[in-house]
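Protein chains in written order, with this note's numbering: chain W, 696 to 997; chain X, 574 to 834; chain U, 525 to 897. Here is the structure we will look at, set down as structure tokens.
The structure is reproduced here in structure tokens:
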């Protein structure tokens, strides 16, 4: 057999059986590859290359140095804080709700209801969500009207929808459902036999959670929080509606958008640099997420 | 049991968080006429010609996106499962890319890369970029859905059976594969629809007359209509997802929301 | 007094009776199998003994103490599950040591015990591996070691081999029995596989639809089944419809021939209809002039290697019997006429339970499970 194949290789007139099949199969993937290349890879790569070039196409790191600008730096910090806070708070409440409908043994209709709602709410972000919160917590909103009956308003109580915490509260609205969607399958994956096996070996429920339950859940929880972080970091529309989209806001996505829509002083290099910075942050987010997911899957596979 | 009690507590807290803004928006939207609750805001919103224009535009874009998505993804997913199973991890990675390149960065890249090409100089070109971006945005969900649908039917065996009966590739795709993954496609389509109808960032930055940018415009001039539109938008999203769940297939793994955030 | 006693034990879920009331006494060191089809109540019984379920009525006594209300984590019983249930976040060694860790055993003692058990189950090098890196058979061995580590008074195995390949099942079940004999632990083994139950146990409890059908040694269960269900479920069975001919001589008419020596019909009247069951291995080809035989026509001959299974028909009634493969054997041919000897003492008379029409369904069940088809 081996000799035959060698002869085939040496003899160009003979069509290479195996080689022919493989190369034909790759053709099938071309449309998809072209699409990804045109609409994802090319823009992403060109952002990266342009960030180290100046107007004359010479290599320069001046643009990236712009990232050191205090305003830019504080914007990254601000967005980072916003994402972290909403990821942790949203993650916590999402986890608790997921626990409630799985291990917590509430009736099945409640579970279906929560899952349905989460599917909707995690997609109900952006402009309409911002409007909803403005109608609730804005200056003319329902809560203020209610408080007005007692001679109070939100400003007096120290809350302003158009600041950090207003933004955070709005973000959390779509963070919680996302966490629920991540954690419900994970909680379901906690096999009942583990609890029974642990009990038969002498463990109390608390010991079970400490030695088995929590460690098994942890990768998924962390992965979920990381996912939520990335989700918040990349959000644009919600912040835009709540902040007016001006270049003075300290949300990084708004700043990048402002470069395009002309709402800020156009500095092409800066926009590029910020976009690169953003890609960098997202990559640093998705790598731990993938690793944590893989770990979680390995443990709950069987 | 104590466990039960705490479960209800957390659910109640969450429910309040979810319901209050929705309820408040609804109430706010009905307050347009001083002193009475009515649908004035809604009537004004629907009557506006720009509403009809932008809504129609987004509908057409959604249809185009779904069509392009299906035509691109279904054959690819089929082919990968059939002939190139080793590429699956790579393709799955590609479906995570839209997460790494958020909407703003995507538009930024597209505009800068295709600057001075017809793509950015004409409204048709921009519309193409818009549809393309939306296909990217819905890629994770659409691909996962179709992939799972294909895995549920034994693709290789069905193909061999069809081939042994004399079918060519086109026939196989049309008569054997598509009908069987129809439900999965429908799932993906509903989510894509919800995403496109609510999307703002890309449409705005590409200066396209979509429903998202229209909603934003309204907020700068009207008080009550924005919340009416928010209610409409929520109802639309709810309807899409409800239809999706009636249609049934559940996609495994976390749902990466593609919606404009 | 027996080591483990179940007295008047039953379990009801709402209106469904999962286990109907019964008593059982198990001696120390015995290997007892609960055998039956899915849903017969065997797993529910095991779960009641383990403490995962509370019995609706009755008590469980272990070594004289009433443990019915005792929570699971105090009972000191080792449990092995069908799905292994190894803790995925712990290594093999940590899994095995878990029970010891909870009992605050010192680290050196834990390590020593883990090494002992790993040697016992034949996986001395696997301590550092994680469950997902092991095969099914290996995982189950680790589960067994984990259960044994706490030196339990009772070992409970819930269909431990059902998820494994056939070949591993045979080798592993022998290992389990060897280990059990060596350690002398009272063991309860739940299975739906009669081969497992018969080959491993000191005693077998056959259950069906929540009721205990028979308790006995494997030999008793097989050779002297007491109910139609046990006769049909354990081993294969031929069913013949006969009429009583001479009660005093214990003879019946089957397929126009007389069979004698069936003592069970002595209490009946001439002309009564009875159902006779006979194991295939009790039937043999004989010469036409011998007494006590049936005239049959061969329908199918199936060669199974060590045995040959022959299906025959006698006046519309189907039978099958086995022939041992011997050198020089001459196989029967299809449509050949044969005489089959059916010893009277190998015939089991089966009564349908009062009010139940079990016989026709028994016949179809047996036909379906019958050798060859």
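Where a beta carbon is used, it is the ideal one built from N, C-alpha and C, also for glycine.
Item	Value
Quick one: what's got a C-beta closer than 7 Å to residue 739 (chain W)'s C-beta in the same chain, skipping five residues either side?	974
Can you give me the Cβ contacts of residue 701 (chain U) inside the same chain, cut-off strictly under 6 Å, excluding the 5 residues immediately before and after it?	724
Report buried or exposed for residue 722 (chain W), applying the criterion of at least 16 other Cβ atoms within 10 angstroms of its Cβ.	exposed
Can the beta-carbon of residue 728 (chain X) be found closer than 8 Å to that of residue 758 (chain X)?	no
Taking 7 Å as the limit between beta carbons, can you name the residues of its chain near residue 653 (chain U), skipping five residues before and five after?	615 and 616
Out of W:791, W:829, W:790 and W:734, which one is the CA nearest neighbour of residue 678 (chain X)?	W:734
What are the start and end residues of the beta strand (DSSP E) that includes residue 900 (chain U)?	No information on residue 900 (chain U) is available, as it lies outside the stretch 525 to 897 that chain U covers here.
Assuming residue 672 (chain X) and residue 977 (chain W) make a contact with CB atoms under 8 Å, what is their CB distance in whole Å?	7 Å
Output yes or no for whether 8 Å exceeds the beta carbon distance between residue 683 (chain X) and residue 706 (chain X).	yes
In three-state DSSP terms, what is residue 651 (chain U)?	coil
According to a CB-to-CB cut-off of less than 8 Å, which residues of the stretch 715–749 of chain W neighbour chain X?	720, 721, 723, 724, 726, 727, 730, 731, 733, 734, 735, 737, 738, 739, 741, 742 and 745
Label residue 682 (chain U) either buried or exposed according to how many other C-beta atoms from any shown protein chain fall within 10 Å of its C-beta, with 16 as the threshold for buried.	buried
Output yes if chain X places a C-beta closer than 8 Å to the C-beta of residue 769 (chain W); else output no.	no
Give the DSSP-derived three-state secondary structure of residue 590 (chain X) in the structure shown.	helix
Going along the chain, which residues of its own chain have a beta-carbon closer than 7 Å to the beta-carbon of residue 631 (chain X), five neighbours each way excluded?	769, 770, 783 and 784
So residue 910 (chain W) contacts chain U; which residues on that side make the cut at Cβ distance below 8 Å?	613
Leaving out five residues on either side along the sequence, give the residues of the same chain with a beta carbon under 7 Å from the beta carbon of residue 528 (chain U).	550, 586, 678 and 710
On a CA-only basis, which of W:763, W:724 and W:893 is nearest residue 599 (chain U)? Give me that one, please.	W:893
Would you kindly work out how many angstroms separate the C-alpha atoms of residue 612 (chain X) and residue 623 (chain X), rounded to a whole number?	19 Å
Quick check on residue 898 (chain W) - is its C-beta less than 8 Å from some C-beta in chain X?	no
Quick check: residue 788 (chain W) and residue 724 (chain W), are their CB atoms within less than 8 Å of each other?	no
By alpha-carbon positions, which one of X:789, X:765 and X:763 ends up nearest to residue 774 (chain X)?	X:789
By alpha-carbon positions, which one of W:731, W:754, W:791 and W:948 ends up nearest to residue 581 (chain X)?	W:791
Straight-line CA distance for residue 810 (chain U) to residue 726 (chain U)?	36 Å
In this structure, how does DSSP classify residue 545 (chain U) when only helix, strand and coil are distinguished?	strand
Tell whether a beta-carbon distance below 8 Å holds between residue 802 (chain X) and residue 823 (chain W).	yes
Would you mind sorting residue 613 (chain U) into buried or exposed? The rule is 16 or more other CB atoms within 10 Å of its CB.	buried
Taking residue 626 (chain U) as the query, report the chain W residues whose CB atoms sit under 7 Å from its CB, ordered along the chain.	896, 897, 898 and 902
Based on the DSSP output, what are the partners of residue 844 (chain U) in its beta bridges?	U:835
Applying the 10 Å Cβ sphere with the 16-neighbour rule, what's the burial state of residue 814 (chain X)?	buried
Quick one: does residue 607 (chain U) have its CB under 8 Å from some CB of chain W?	yes
With a threshold of 8 Å between beta-carbons, can residue 711 (chain U) be considered close to chain W, or not?	no
May I ask you to list, following chain order, the residues of the stretch 662–692 of chain U that have a beta carbon less than 9 Å from some beta carbon of chain W?	663, 667, 670, 671, 673, 674, 676 and 680
So the beta strand (DSSP E) residue 879 (chain W) belongs to, where does it begin and stop?	Per DSSP, residue 879 (chain W) belongs to no beta strand (DSSP E); it is in the alpha helix (DSSP H), 859–883.
Out of curiosity, what's the CA-to-CA distance linking residue 713 (chain X) and residue 649 (chain X)?	14 Å
Taking 8 Å as the cut-off, decide whether the C-beta atoms of residue 924 (chain W) and residue 746 (chain W) are in contact.	no
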